[in-house]
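Residue numbers (my numbering): 693 to 837.
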């Protein structure tokens, strides 16, 4: 129960931050990418603030705790290689963000606004995840002779 309440509170703080920063507004995000036109640099401060809090928070938590409160250990990535899977995923994410004006983290809180475009975007993200998992499983299988 504590784990669920904690996740709910953390998600609420994240959603509030996304809403206050304007990242639930696709036009604001698209204007950030439009350097030659109606550029809106304000999201640089949102990203910089997020990086600063994450950097300080990780350093503080890892120094003081051996494990999170509700898990036996921290779930940290072990893979450090920059490979085609990482670069390809980052490219698809960035292209999608630039086209739609949403990233998944901003779209989830924006669902509360009730716009059909947001629901379509989230449905497309879910469909993309399903297709990617299916493709990854198919590619991992040995070829039939």
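The beta carbon of each residue, even a glycine, is placed where N, CA and C say it ideally should be.
Problem - Among 796, 818, 815, 823, nearest to residue 716 - alpha-carbon criterion - result: 796
Problem - Three-pair Cβ contact test at 8 Å for the segment 813–832 versus the segment 736–745 - result: no
Problem - Helix, strand or coil at residue 715 [DSSP, three-state] - result: coil
Handout entry: Distance between beta carbons of residue 798 and residue 710, contact taken as under 8 Å
Key = 5 Å
Exercise for the section: Starting from the N-terminal side, write out each stretch of the beta strand (DSSP E) that is 3 residues or longer and does not extend beyond the segment 771–804. Expected result: none
Problem - Inter-stretch contact (C-beta, 8 Å, three-pair minimum) for the segment 745–762 and the segment 693–710 - result: yes
Exercise for the section: Tell me whether the beta-carbon of residue 733 lies closer than 8 Å to the beta-carbon of residue 793. Expected result: no
Exercise for the section: Report all residues from its chain with a CB closer than 6 Å to the CB of residue 724; omit the five preceding and five following residues, and keep chain order. Expected result: 732, 735
Practice task
Report, in whole angstroms, the separation of the C-beta atoms of residue 729 and residue 720, which I expect to be a contact under 8 Å.
Solution key: With 8 Å as the limit, residue 729 and residue 720 do not qualify as a contact, their Cβ atoms being about 14 Å apart.
Handout entry: Nearest to residue 776 (by Cα), restricted to the options 784, 770, 803
Key = 784
Exercise for the section: With distances taken Cα to Cα, identify the nearest neighbour of residue 703 among 801, 810, 833. Expected result: 801
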